[in-house]
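Participant: One structure coming up, written as structure tokens, with questions to follow.
2 protein chains.
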Amino acid sequence: MQKITSQSEDFSRWYIDVIQRADLMDYAPVRGCIVFKPDGYELWEACQRELDRRFKETGHRNAYFPLFIPESFFQKEKEHVEGFNPELPWVTEAGGEKLEERLAIRPTSETIIGHMFAEWIQSYRDLPLKINQWANVVRWEKRTLPFLRTSEFLWQEGHTAHTTSAEAEEETLMILDLYTDFVENILAIPVYRGQKTPSEKFAGAVNTYSIEAMMKDGKALQAGTSHYMGQNFARAFDMKYLDKDNTLKYVYTTSWGVSTRMLGAIIMVHGDDKGLALPPKVAPTQVIIVPIGPQKELERVVTYANKLRDRLAQTGVRVKIDAREDISPGWKFNEYELRGVPVRLEIGPRDLQNEQVVLVRRDTGEKLFVPESELLNRVPGLLQDIQSNMYSKAKDFRDSNSHVARHLTEMAEIIRDRRGFVLAGWCGEDSCEKSVKQETGATSRNIPFDPPEVLPACIVCGKPAKHTVWFAKSY
Amino acid sequence: MQKITSQSEDFSRWYIDVIQRADLMDYAPVRGCIVFKPDGYELWEACQRELDRRFKETGHRNAYFPLFIPESFFQKEKEHVEGFNPELPWVTEAGGEKLEERLAIRPTSETIIGHMFAEWIQSYRDLPLKINQWANVVRWEKRTLPFLRTSEFLWQEGHTAHTTSAEAEEETLMILDLYTDFVENILAIPVYRGQKTPSEKFAGAVNTYSIEAMMKDGKALQAGTSHYMGQNFARAFDMKYLDKDNTLKYVYTTSWGVSTRMLGAIIMVHGDDKGLALPPKVAPTQVIIVPIGPQKELERVVTYANKLRDRLAQTGVRVKIDAREDISPGWKFNEYELRGVPVRLEIGPRDLQNEQVVLVRRDTGEKLFVPESELLNRVPGLLQDIQSNMYSKAKDFRDSNSHVARHLTEMAEIIRDRRGFVLAGWCGEDSCEKSVKQETGATSRNIPFDPPEVLPACIVCGKPAKHTVWFAKSY
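Taken in order, these protein sequences are the chains called A and B. Mapping of the first sequence onto my numbering: position 1 corresponds to residue 1, and the numbering continues sequentially without gaps. If you want my numbering, it's the 1-based position in the second sequence plus 1000.
Below you can see the structure in the form of structure tokens.
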């Protein structure tokens, strides 16, 4: 079997090797599109379960809006159409006839949802309106990369409408908290929370907030965004309500999304030269049991291993057994390490005799000899340990690759020779932000809520800094 | 508030009134498309949960394939392209450029999945391959009806590949059983199971099997289909495997689907002049608690009602409380009957004193006075009773509107003056099937596995019948 390129040799190549060898995806015969294979889709289902529960617990309800958006809808919000027009695919014929008005395939649904909200919202009693949609969206990107940037991808998009700007901003930030909780505690990925600079905000938003994660090559990946729209879309789509004081007022809206690019983040944050490493809370299989032994004893071992599996499964552990006889244990060890299963449980005839099992951690490689009587008690704690350890490792990596720069040459040097994020002061001028990009290749990621340090001067012009900003190369 | 048209007055109008008043959907600003509003989408989520669990338990795995299908793919299976071509929407431009090859929006995914299966299947070890996809699909229909026939709809489509025809046929029928279990036991809708006639089978299939349900206006609704493809798609897409005997062989494939049209079936089978009636197993809310009483006592009642809600919820009942003070109990009673909640729990100051509650069944209108101490024990059984009763009522209706005809005039009379399904003999000739449609307006639904009666002569030509067939007008 083909070897995986090492991360140090070629990180991009390592990434492609891993996702294909781990059977997460395949390239589709349509430009920039991929097929989510069962192991990849299962990861997305795990993300969906966790997010969907959180959305419902915070009062959002799911709905489904059309894939097609009439061309005229995009014209209604000027910045929005400018931002998305270059990436739209157009349906021009259907049912054997040329359409009178072209239909875009949705790149995001603010426009069509805005249109529907305008019909649904009549009175202050109809507010807040808090809707989420699970859907496929399409953006015809020039350069694509599996999971991270594909022509079609899967995501959730939340859309809410409120009576006051304060309530809408509160929603925007509550969702950023929700995303942070999901990404840090379930995916074990530490993030920097903050606000996007005007040039990086969503097309049509007043403010965009983001959580930014660091991949193992030091590049940034935007792991979730939450947008405060003010009344921009309300005015464009005439979303008005009759208030208690009997006057018509525009609503304030928000939107926010997390997509299948999270799969790319999981892989690039936790993966290593052996392959994937999945955080236990999101791993479809948490424990893989591999029976070992000479042919004549194997049946007894497998019978015993099946019992262990059933008992573990009853305690809620997601456990599988691989009892295929025509494949060697060594091959299986490599395979499940490649696929990122957090714990391998080995059991052979001698273990049976000693009433013990061997547990091997994917994150550290550590081998634990556990008395069979303690197994059920030990596994949940072990999974928790692995989850915490994976988060800590990712955080250590992130922190040790987060730098501070006071001069543009210094930042350029860090970005070129080292890797990671660079914190710098910024005067607030677009031109200085552009200079950073030109000189270093890094773009502003966000203006962190809690910067490790506050920088007094703009890294480009030296004038007083309005903001302290994270810069990095990004996916 | 606008009254719902009665079923006897105008069934089609009743249907539209109910789905809008019950807030299940709204019309979208794109031809033939609807918006699934939260209450409607929640019903679909309930269907998804039940089906998804069954698919996984029977060894299927979810995956996701592209929305776009290159035009050339459709050309590969002749019957398939003829069947679907007239309904395809085409993307001709994307990212500001005209595409070299037009891309269809998937109406179903046999072609693109066939292409991928051909790459994934190498050896007999890769078989069977059993995949399911949850997705949106588009068919540009001339006449549309919310849920039942919309330009875009949501569905699941299963696709499997096997080494033998016997195994593939077994899969096809196993899925028909799975659908039957879901539709009869969860949706409380009785179905006739059988095989489609050649003219009604899926474009490209060898055999199509269906389950057919009867709506309250006597029309048929195809509630699920399962197709045995033989090697048609295997040959078209070169799905071959190396067998144990070291020769290359084509696989045998199946596909099967259930869509959001099930929502239409639930409504048209169980609904009445009061509105929706949801079977408890699929109802998002099974019990609605309405506190009653004069303003000064209401707080005490609501506190008590909240406790009841929490206790019921803990036993797994899906229960909500409507404690809004500015809306009268009478209005709420009507509203939750309209929305089809299976059980209403009324509680007022006198009930508090008597330590009892009042339960009102949506299916029968029956009022039950239940001692509070027995409530938790009584509710699950009551929900089960309602579920069974709804199935029985639907089955009685269906059976009493299932007729037998021996002459075409007789069938025409039944279809015209009465309603329902008509069982008739058929010689197997296309021309006779067409005559039935011309003379009666009914089409063949399926050739039932267990016909209530076997008819010896073709209802059109009088020659010996090859099959006994259900005919009906259909959605």
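The beta-carbon is built from N, C-alpha and C at its ideal position, and this holds for glycine as well.
So L1103(B) contacts chain A; which residues on that side make the cut at Cβ distance below 8 Å?
Facilitator: Per Cβ cutoff of 8 Å: V30, P89.
Participant: Start and end of the beta strand (DSSP E) containing W90(A)?
Facilitator: Start and end: 89 to 94.
Participant: Compute the Euclidean distance between the alpha carbons of D243(A) and N1446(B), then round it to the nearest angstrom.
Facilitator: Distance between the alpha carbons of D243(A) and N1446(B): 56 Å.
Participant: Can you grab the Cα-Cα spacing for the pair P1294(B) / R125(A), in whole Å?
Facilitator: Cα-Cα distance, rounded: 23 Å.
Participant: Beta-carbon of I189(A) versus every beta-carbon of chain B: anything under 9 Å?
Facilitator: Chain B, which has no Cβ nearer than 9 Å to the Cβ of I189(A), makes this no.
Participant: For F1369(B), which residues in chain A fall below 8 Å Cβ to Cβ?
Facilitator: By Cβ distance, chain A contributes nothing, its closest Cβ being about 34 Å from F1369(B), past 8 Å.
Participant: Return the chain-ordered ranges of every alpha helix (DSSP H) run that is complete within the region 1213 to 1262 of chain B and spans a minimum of 4 residues.
Facilitator: Runs found: 1232 to 1237.
Participant: When the cut-off is 9 Å and only beta carbons count, does L345(A) lie next to chain B?
Facilitator: Not one chain B Cβ lies under 9 Å of L345(A).
Participant: Could you tell me the alpha carbon to alpha carbon distance between F202(A) and H227(A), rounded to whole angstroms?
Facilitator: Each residue's Cα considered, the two are about 7 Å apart.
Participant: Report the residues of the region 369 to 390 of chain A with a CB closer than 8 Å to any CB of chain B, ordered along the chain.
Facilitator: The residues in question: there are none.
Participant: So with Cβ pairs under 9 Å, would you call C427(A) a contact of chain B?
Facilitator: Cβ-Cβ to chain B under 9 Å: no for C427(A).
Participant: I think S213(A) touches V258(A), with their Cβ atoms under 8 Å apart; what is that distance to the nearest whole Å?
Facilitator: Strictly speaking, residue 213(A) in this sequence is Ala, with Ser absent from that position. The Cβ separation is near 12 Å, so there is no contact.
Participant: To the nearest angstrom, how far is it from the Cα of D363(A) to the Cα of R309(A)?
Facilitator: Each residue's alpha carbon lies about 22 Å from the other.
Participant: Is the region 379 to 398 of chain A touching the region 327 to 346 of chain A in the sense that three or more CB pairs, one from each, lie closer than 8 Å?
Facilitator: Contact holds: three or more Cβ-Cβ distances are below 8 Å.
Participant: Say whether chain A places a C-beta atom closer than 9 Å to the C-beta of E1141(B).
Facilitator: Judged by the 9 Å Cβ criterion, E1141(B) is in contact with chain A.
Participant: Tell me, which residues are paired with M1025(B) by DSSP?
Facilitator: DSSP output for M1025(B) lists F1036(B) as bridge partner(s).
Participant: Output the distance between the C-alpha atoms of K1473(B) and T1172(B), rounded to the nearest integer angstrom.
Facilitator: Answer to the nearest angstrom: the Cα atoms are 26 Å apart.
Participant: Please classify D1399(B): is it buried, with 16 or more other beta-carbons within 10 angstroms of its beta-carbon, or exposed?
Facilitator: Exposed.
Participant: Within the chosen definition, does the region 321 to 330 of chain A reach the region 357 to 373 of chain A through at least 3 CB pairs nearer than 8 Å?
Facilitator: Short answer: they don't touch.
Participant: Going along chain A, which residues have a C-beta under 7 Å from A1063(B)?
Facilitator: The contacting residues are V35, F36, K37, P38, Y41.
Participant: Roughly how far, in whole angstroms, is the beta-carbon of Q122(A) from the beta-carbon of Y241(A), given that I think they are within contact range, below 8 Å?
Facilitator: That belief holds up - the Cβ atoms of Q122(A) and Y241(A) are roughly 6 Å apart, short of 8 Å.
Participant: Under the DSSP definition of a beta bridge, which residues are partnered with A305(A)?
Facilitator: For A305(A), which the question treats as bridged, DSSP gives no partner whatsoever.
Participant: So G158(A) and W44(A) are in contact, right, with Cβ under 8 Å, and what is the actual spacing, rounded?
Facilitator: No, G158(A) and W44(A) are not in contact; Cβ-Cβ is about 17 Å, not under 8 Å.
Participant: Check whether the Cβ atoms of V370(A) and W426(A) sit closer than 9 Å, and answer yes or no.
Facilitator: No, Cβ-Cβ distance for V370(A) and W426(A) is not below 9 Å.
Participant: Cβ of D26(A) less than 9 Å from any chain B Cβ?
Facilitator: By this cut-off, D26(A) is an interface position.
Participant: Per the DSSP calculation, N69(A) is bridged to which residue(s)?
Facilitator: Before going on, a small fix: residue 69(A) reads as Ile here, not Asn. A104(A), per the DSSP bridge assignment.
Participant: Please classify D10(A) as buried or exposed, where buried requires at least 16 other C-beta atoms within 10 Å of its C-beta.
Facilitator: Flag for D10(A) reads exposed.
Participant: I'd like to know if L178(A) contacts chain B, where contact means its C-beta is closer than 9 Å to some C-beta of that chain.
Facilitator: It does not; no Cβ of chain B falls within 9 Å.
Participant: What three-state label does DSSP hand V191(A) in the structure shown?
Facilitator: V191(A) falls in the coil class under three-state DSSP.
Participant: C461(A) to H407(A), Cα distance in whole Å?
Facilitator: When rounded, the distance between both Cα atoms is 9 Å.
Participant: Where does H60(A) sit, in a helix, a strand or coil, going by DSSP?
Facilitator: H60(A): coil per DSSP, three-state reduction.
Participant: Closest to Q286(A) by CA distance: which of I267(A), R311(A), V317(A) is it?
Facilitator: The shortest C-alpha separation from Q286(A) is found at V317(A).
Participant: From the beta carbon of W256(A), is the nearest beta carbon of chain B less than 9 Å away?
Facilitator: Not one chain B Cβ lies under 9 Å of W256(A).
Participant: Check the DSSP bridge columns for A1161(B) and list the partner residues they point to.
Facilitator: L1129(B), T1253(B), per the DSSP bridge assignment.
Participant: Give the residues of chain A in contact with P1128(B), contact being defined as C-beta atoms less than 7 Å apart.
Facilitator: Here the premise fails: no neighbours, minimum Cβ distance about 14 Å.
Participant: Could you give the distance in angstroms between the alpha-carbon of L176(A) and the alpha-carbon of G1275(B)?
Facilitator: Those two C-alpha atoms are separated by around 40 Å.
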